[in-house]
Amino acid sequence: MGIVLVAGAIVSEIAATLSLRASHGLTRLGPSILVVVGYAAAFVMLAQALKTLHVGPVYAVWSGLGTVGALAGGVLLFDENVRLATVAGALLIVAGVAVMYVGGGLEH
Numbered sequence: 501m502g503i504v505l506v507a508g509a510i511v512s513e514i515a516a517t518l519s520l521r522a523s524h525g526l527t528r529l530g531p532s533i534l535v536v537v538g539y540a541a542a543f544v545m546l547a548q549a550l551k552t553l554h555v556g557p558v559y560a561v562w563s564g565l566g567t568v569g570a571l572a573g574g575v576l577l578f579d580e581n582v583r584l585a586t587v588a589g590a591l592l593i594v595a596g597v598a599v600m601y602v603g604g605g606l607e608h
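For the sequence shown, the working numbering assigns the number 501 to the initial residue and increments by one for each residue that follows.
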């Protein structure tokens, strides 16, 4: 169940971050509401997941995959540019998250 909560927290965080971009500095009501709701949901799910999972690997997975997801969302939704170095950095993030996940163990 903890992994499902982490996955939900990642999706919520990505949605909130992309809504933050769409809010134009929190001046658009709809996206601004999604920012608050998305981040609140992400933190609630993350807090619940940490009842049974280790904080280090979970935070690495949440922040790393959230970063890569926000990057992908920015490209797909806002036509943001991606350079080769950006792709390399995203791949390094995913590799680092995988190493922490495997090496750190998740359940306590």
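In this text, a Cβ means the ideal position worked out from N, Cα and C, and glycines have one as well.
In its chain, beyond the 5 residues on either side, ALA509, SER512, GLU513 and ALA516 have a beta carbon closer than 7 Å to the beta carbon of ALA542. Counting C-beta pairs closer than 8 Å gives three or more between the segment 547–564 and the segment 589–606, which meets the contact rule. The residues ILE593, in chain order, have a CB closer than 7 Å to that of THR567 in the same chain once the five nearest residues on each side in sequence are set aside. With respect to the 9 Å criterion, ALA590 and LEU571 are classified as neighbours on the basis of their beta carbons.
Cβ-Cβ separation between ARG521 and GLY574: approximately 7 Å, consistent with a contact (criterion under 8 Å). A straight line joining the alpha-carbon of LYS551 with that of VAL544 spans about 11 Å.
LEU565 counts as buried, since at least 16 other C-beta atoms from the protein chains shown sit within 10 angstroms of its C-beta. Here the alpha carbon of GLY502 sits roughly 17 Å from the alpha carbon of VAL597. Non-local beta-carbon contacts of VAL555 in its own chain, meaning distances under 8 Å to residues more than five positions away in sequence, are absent.
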